[in-house]
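Q:
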Amino acid sequence: RTSFEIARLRDNPECAEEEYQRVLEEDPGLSAHATFDPAEDIAAPYINRGLRPRVAILREQGVNGHVEMAAAFHRAGFTPVDVHMSDLLAGRRELAEFKGLAACGGFSYGDVLGAGAGWAKSILFNSALRDQFAAFFAREDSFTLGVCNGCQMVSALAELIPGAGHWPRFVRNRSEQFEARLALVRVEESPSVLLAGMAGSHLPIAVAHGEGRAEFAR
């Protein structure tokens with residue numbers, strides 16, 4: 001009870017009350033359900049043929065999730081390549097070299113302009129980078145994954161991405177606090193190559209953010 005009273009004074013009181021009432025419930029907890037076999041190595045046939053698509057593991061100042069991201073893509077059958085935004089600015093790398101783009105998590109520019117906002121603006125306000133990202137997003141043989149801060153950044157690039165006009169922007173949590181929790185998500189039908197064969201699954205995911213509330217224009 002003491003923790004609840006402190007949270008009600010410190011945080012959004014409505015959120016504190018909602019969480020306290022959930023604690024009082026007889027909650028059965030998270031029940032995961034997968035409609036696919038996690039042990040199935042769907043990349044094996046392609047790896048055996050020497051096909052390991054190159055994916056740019058994109059990072060910026062303050063991003064810290066690039067090593068884990070590279071490891072995950074390597075295990076999934078890709079060739080991950082470390083790409084810093086300065087590499088794109090200097091012309092050492094170009095997105096045209098890659099089939100995939102993975103924007104990593106962390107706190108780009110300390111999130112002082114908003115989560116992922118400074119990172120996105122460094123692209124939107126640079127004509128060369130803007131054109132390069134727009135061309136990559138327009139390709140029919142490319143894919144993009146944004147995780148954590150990378151997701152917040154990519155969402156701010158919606159004007160460059162075909163079909164992304166309905167995307168939300170991520171704003172401050174209603175609790176007005178940084179939230180680190182384990183949540184359960186349902187995978188809907190999706191044209192995404194990253195979610196193929198997973199529709200209907202209920203999967204636990206870790207979330208950790210201060211600006212993770214999706215706000216839609218309508």
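Quick note: the sequence shown uses full-length UniProt numbering, first residue 1, plus one each step. The beta carbon of each residue, even a glycine, is placed where N, CA and C say it ideally should be.
#1: Let me check you understand the geometry: is the CB of ASN64 closer than 6 angstroms to at least one non-hydrogen atom of the ligand GTP?
#2: Please classify GLU18: is it buried, with 16 or more other beta-carbons within 10 angstroms of its beta-carbon, or exposed?
#3: Going by DSSP, which residues form a beta bridge with residue 224?
#4: Where are the alpha helix (DSSP H) runs, 4 residues long or more, that stay fully inside the region 75-100, in chain order?
#5: Which term fits PHE170, buried or exposed, when burial requires 16 or more other beta carbons within 10 angstroms of its beta carbon?
#6: Please report the straight-line C-alpha distance between ASP82 and ALA44, rounded to a whole angstrom.
#7: Helix, strand or coil for PHE133? Go by DSSP, reduced to three states.
#8: Between the alpha carbons of HIS33 and ASN126, how many angstroms are there, rounded?
#9: Which one of PRO38, ILE42, VAL193 and GLY106 has the shortest CA to CA distance from LEU58?
#10: Span of the beta strand (DSSP E) holding GLU211?
#11: Could you have a look at LEU9 and say whether DSSP puts it in helix, strand or coil?
#12: Thinking C-beta only, is ALA208 closer than 7 angstroms to ALA183?
#13: Which of helix, strand or coil does DSSP assign to ILE123?
#14: Which residues share a DSSP beta bridge with PRO204?
#15: In terms of alpha-carbon separation, which member of PHE137, ALA71, VAL147 and GLY118 lies closest to ALA158?
#16: Would you kindly check if the distance between the Cβ of MET69 and the Cβ of ALA115 is under 7 angstroms?
#17: Just checking, does the region 191-206 make contact with the region 146-163 on the three C-beta pairs under 8 angstroms criterion?
#18: According to DSSP, simplified to helix, strand and coil, what is PHE107?
#19: In terms of alpha-carbon separation, which member of ALA134, GLY77 and ASP37 lies closest to LEU51?
#20: Roughly how many angstroms separate the alpha carbons of ASN48 and ALA16, rounded to a whole number?
A: Walking through what the data contain:
#1: The ligand GTP is absent from the structure shown, which contains no ligands of any kind.
#2: As a working note, residue 18 is residue 18 in the sequence shown. Result: exposed.
#3: Absent from the model: residue 224. The displayed extent of the chain is 1 to 218, so no value can be given.
#4: Fully enclosed alpha helix (DSSP H) runs of 4 or longer: 85-90.
#5: Here residue 170 refers to the residue found at position 170 of the sequence shown. Flag for PHE170 reads buried.
#6: Within the sequence shown, residue 82 is the residue found at index 82, counting from 1. Within the sequence shown, residue 44 is the residue found at index 44, counting from 1. One C-alpha to the other measures close to 23 angstroms.
#7: Here residue 133 refers to the residue found at position 133 when the sequence shown is read from its first residue. Shown here, PHE133 sits in a helix according to DSSP, grouped into three states.
#8: As a working mapping, residue 33 is identified with position 33 in the sequence shown. As a working mapping, residue 126 is identified with position 126 in the sequence shown. The straight-line gap from Cα to Cα measures roughly 44 angstroms.
#9: Counted from its first residue, the sequence shown places residue 58 at position 58. Nearest C-alpha to LEU58: GLY106.
#10: In the sequence shown, residue 211 corresponds to position 211, counting from 1. Where GLU211 is concerned, there is no enclosing beta strand (DSSP E), given that its DSSP letter is neither H nor E.
#11: Locating residue 9 in the sequence shown gives position 9, counting from the first residue. DSSP places LEU9 in helix when its eight states are reduced to three.
#12: Here residue 183 refers to the residue found at position 183 of the sequence shown. Here residue 208 refers to the residue found at position 208 of the sequence shown. No.
#13: In the sequence shown, counting from the first residue as 1, residue 123 sits at position 123. DSSP places ILE123 in helix when its eight states are reduced to three.
#14: Counting from one through the sequence shown, the residue named residue 204 turns up at place 204. PRO204 has LEU184 as its beta-bridge partners, per DSSP.
#15: Within the sequence shown, the letter at position 158 stands for residue 158. Relative to the Cα of ALA158, the nearest Cα in the group PHE137, ALA71, VAL147 and GLY118 belongs to PHE137.
#16: Position 115 of the sequence shown holds residue 115. Position 69 of the sequence shown holds residue 69. Cβ distance not < 7 angstroms, so ALA115 and MET69 don't count as in contact.
#17: When Cβ pairs closer than 8 angstroms are counted between the two stretches, the region 191-206 is seen not to touch the region 146-163, the count staying below three.
#18: Locating residue 107 in the sequence shown gives position 107, counting from the first residue. The answer is coil: DSSP assigns PHE107 none of H, G, I, E or B.
#19: Here the question's residue 51 lines up with position 51 in the sequence shown. The residue with the shortest Cα to Cα distance from LEU51 is GLY77.
#20: Looking up residue 48 in the sequence shown gives position 48. Looking up residue 16 in the sequence shown gives position 16. ASN48 and ALA16: Cα-Cα distance of roughly 53 angstroms.
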